[in-house]
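Numbering (the UniProt record's numbering), first residue to last: 1 to 284. Worksheet: one structure, shown below.
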């Protein structure tokens, strides 16, 4: 593979079908041209597959603040195939002035309900993920909705913008290379011609947590250099503070959501009244 680094294992539970689990890393410095081809090759290792890791791919559909070429390729893969994304709602990677969701999982032919959580446990700028699957319940796959400007798609693949010379292929390797190039051209053109679906949800990271992340990264570098137990204790202390801040933020968000609507009491005769959410009137 020319783009991704991956390690795969196959698990076969008693009485069950084989499941291929792949750990993947895509370096931000490599070309994105063959990401689709490489990911498809990993999915072909087995019928039911989970690919998880650092994709270094940004897209607003899974909570990032922007789209990039890698994100467009992954989004198109999700929209055009039986591929599902399992991504947390909170950032997985923290920079000095940024927070993004670039660590997630892609699944295919796995129709289980899933839960995923980004946890601030390790001394890294990437948070580990805990992904849980409920193998006893299944869900119906949602209908994929893709808005594509097909006129622009045809124009970008017209001879004026793209040239394909299959007659120049002399060997089987040449054919494989040209097929991969053509496939990537079609995938990338479709992504460029498709209208992005903007997410209404964006995750806010407070300035206090950002500063703690900066202190955590600085403390980690200090400990890695000195290996002094006291420096390790400082690092662990900051890490615990970050974990507590995230927990409080989630609790606060849940409290605001549950208390966002006013409530009124409804008398029920001799029965004690019950609370009911006020529903805004639709009358003019």
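Even glycine gets a Cβ: it sits at the ideal position worked out from N, Cα and C. Given the structure is predicted, the values throughout are model-derived calculations rather than measurements.
{"Query": "Given a cut-off of 9 angstroms on the beta-carbon distance, is the pair residue 285 and residue 243 in contact?", "Result": "The structure shown does not extend to residue 285, since the chain is modelled only from 1 to 284, so the question has no answer here."}
{"Query": "Out of curiosity, what's the CA-to-CA distance linking residue 113 and residue 133?", "Result": "6 angstroms"}
{"Query": "Just grab the DSSP bridge partners of residue 148 for me.", "Result": "194"}
{"Query": "Applying the 10 Å Cβ sphere with the 16-neighbour rule, what's the burial state of residue 274?", "Result": "With a pLDDT of 47 at residue 274, under the threshold of 50, the predicted position of this residue should be treated as unreliable, and no value is reported."}
{"Query": "When we look at the beta-carbon of residue 164 and count the other beta-carbons within 10 Å, is it buried (16 or more) or exposed?", "Result": "exposed"}
{"Query": "Pull up the distance between the alpha-carbon of residue 211 and that of residue 119, whole angstroms please.", "Result": "18 angstroms"}
{"Query": "Residue 162: buried (16+ other C-beta within 10 angstroms of its C-beta) or exposed?", "Result": "exposed"}
{"Query": "Report yes if the C-beta distance between residue 131 and residue 64 is below 9 angstroms; otherwise report no.", "Result": "no"}
{"Query": "DSSP puts residue 50 in a beta bridge; with which residues?", "Result": "21 and 107"}
{"Query": "Would you mind reading off the limits of the beta strand (DSSP E) that contains residue 112?", "Result": "112 to 118"}
{"Query": "Over the uninterrupted alpha helix (DSSP H) stretch that includes residue 215, give me the two end residues.", "Result": "207 to 226"}
{"Query": "Is the beta carbon of residue 24 closer than 9 angstroms to that of residue 48?", "Result": "no"}
{"Query": "Decide if residue 149 is buried, meaning its Cβ has at least 16 other Cβ atoms within 10 Å, or exposed.", "Result": "exposed"}
{"Query": "Could you pull out every residue in the same chain whose Cβ sits closer than 7 angstroms to the Cβ of residue 45, ignoring the five residues on either side in sequence?", "Result": "8 and 20"}
{"Query": "Quick check on this structure: which residue in 115, 220, 57 and 74 has the alpha carbon closest to the alpha carbon of residue 89?", "Result": "115"}
{"Query": "Residue 99 by DSSP, collapsed to three states: which one?", "Result": "strand"}
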